[in-house]
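Report on one structure; see the data block that follows.
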Amino acid sequence: MAQPRLFVLAAAAATVLGGCSTQPPKVAITQPILTVQATSSAKDRVVGSAYMDLRTYIKDEDDQLKEVTGADCTLSSRDLRASLETPRLLRLPAYAQGARYEDRGMPAPIEVTCKAPGLRGATTITAVPGSGHRNSGTTTYSNGVSVTTMPLTGNRSSISPWTYGSSTMVILSP
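Residue 2 is where the sequence shown starts when you use this note's numbering, and the numbers rise one by one after that.
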């Protein structure tokens, strides 16, 4: 009898935790993947690529995020440049990390600016070691839940390539 009760408790916990998700719904990406090339000065450090989706949102009257499609965005850094329309899946360069490079080879942050009719927004994306990891920091959601993420540390981070994370959102406002 203990097993069914445990199953019911696990199912209830999954339902409660699943219901706590405050991630806004995502619109399907229908555009082809945009491959962004490193500029000539950074090409010697490129060791592969990593995928990142870029999306734009506005906050509605209830302070909830609603995705905006068709925003025109520009990505710019000393290592790359691109223009696109959101939502879009990007294939960005992954850069070698190592003591032989200044700042361990860390690429420049990417400045992202987006515009839609009557709306503008911007954010900065900083590279972290390790494929597909989000940038470090604390995000507080509207229900008061705070989530802190950190890049990898120790031996793994010293050999992992620099990447820009797996997902970026830009909040637009009038």
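Ideal Cβ positions, reconstructed from N, Cα and C, are used throughout, including at glycine. None of these values were measured; they are calculated from a predicted model.
Quiz item: Roughly how many angstroms lie between the CA atoms of A43 and T87, to the nearest whole one?
Solution: Reading the sequence shown from its first residue, position 42 is the one you call residue 43. Reading the sequence shown from its first residue, position 86 is the one you call residue 87. Annotation: A43 to T87 spans about 26 Å, alpha carbon to alpha carbon.
Quiz item: Do P108 and T125 have their CB atoms nearer than 7 Å?
Solution: For the purposes of this step, residue 108 is identified with residue 107 of the sequence shown, where counting begins at 1. For the purposes of this step, residue 125 is identified with residue 124 of the sequence shown, where counting begins at 1. Between P108 and T125, the C-beta gap is not smaller than 7 Å, which leaves the two residues out of contact.
Self-check item: Helix, strand or coil at I126 according to DSSP, with G and I counted as helix
Solution: If you number the sequence shown from 1, residue 126 lands on position 125. If DSSP states are grouped into helix, strand and coil, I126 belongs with the strands.
Self-check item: Distance, A51 Cα to L76 Cα
Solution: As a first step, residue 76 is located in the sequence shown; it is residue number 75 there, counting from the start. As a first step, residue 51 is located in the sequence shown; it is residue number 50 there, counting from the start. When rounded, the distance between both Cα atoms is 16 Å.
Quiz item: Along the chain, which unbroken stretches of the beta strand (DSSP E) at least 3 residues long are found entirely within the region 28-89?
Solution: Given a length threshold of 3 residues, each whole run of the beta strand (DSSP E) inside the region 28-89 is given here in chain order: 47-60, 66-69, 73-77 and 82-86.
Quiz item: Which same chain residues, not among the five before or five after D80, have their C-beta less than 7 Å away from its C-beta?
Solution: Mapped onto the sequence shown, residue 80 falls at position 79. Excluding residues up to 5 positions away in sequence, A39, T40, A43, P108 and A109 lie with their Cβ nearer than 7 Å to the Cβ of D80 in the same chain.
Practice problem: Could you tell me which of R101, V37, T70 and V69 sits nearest to P94, measuring between CA atoms? | Solution: Here residue 94 is taken as the residue at index 93 of the sequence shown, counted from 1. In terms of CA proximity to P94, V37 leads the group R101, V37, T70 and V69.
Quiz prompt | Option in A100, T164, Q32 and S174 with minimal Cα separation from T127 | solution = Numbered from its first residue, the sequence shown carries residue 127 at position 126. Measuring from the Cα of T127, the nearest candidate turns out to be T164.
Quiz item: Is the CB-CB distance between I172 and Y96 below 7 Å?
Solution: Translated into the one-based positions of the sequence shown, residue 172 becomes position 171. Translated into the one-based positions of the sequence shown, residue 96 becomes position 95. Not in contact: I172 and Y96 (Cβ atoms no closer than 7 Å).
Self-check item: DSSP-derived helix/strand/coil call for T114
Solution: Here residue 114 corresponds to residue number 113 of the sequence shown, with the count starting at 1. In this structure, T114 counts as strand in the three-state DSSP scheme.
Quiz item: Is T31 buried or exposed, if buried means 16 or more other CB atoms sit within 10 Å of its CB?
Solution: Counted from its first residue, the sequence shown places residue 31 at position 30. By the 10 Å Cβ count, T31 comes out exposed.
Quiz item: First and last residue of the beta strand (DSSP E) that includes S168?
Solution: Within the sequence shown, the letter at position 167 stands for residue 168. It spans S168 to I172 - the beta strand (DSSP E) in which S168 sits, taken as one unbroken run.
Quiz prompt | C-alpha gap between V47 and E62, whole angstroms | solution = Residue mapping note: residue 47 aligns to position 46 of the sequence shown, counting from 1. Residue mapping note: residue 62 aligns to position 61 of the sequence shown, counting from 1. Cα to Cα, V47 sits roughly 44 Å from E62.
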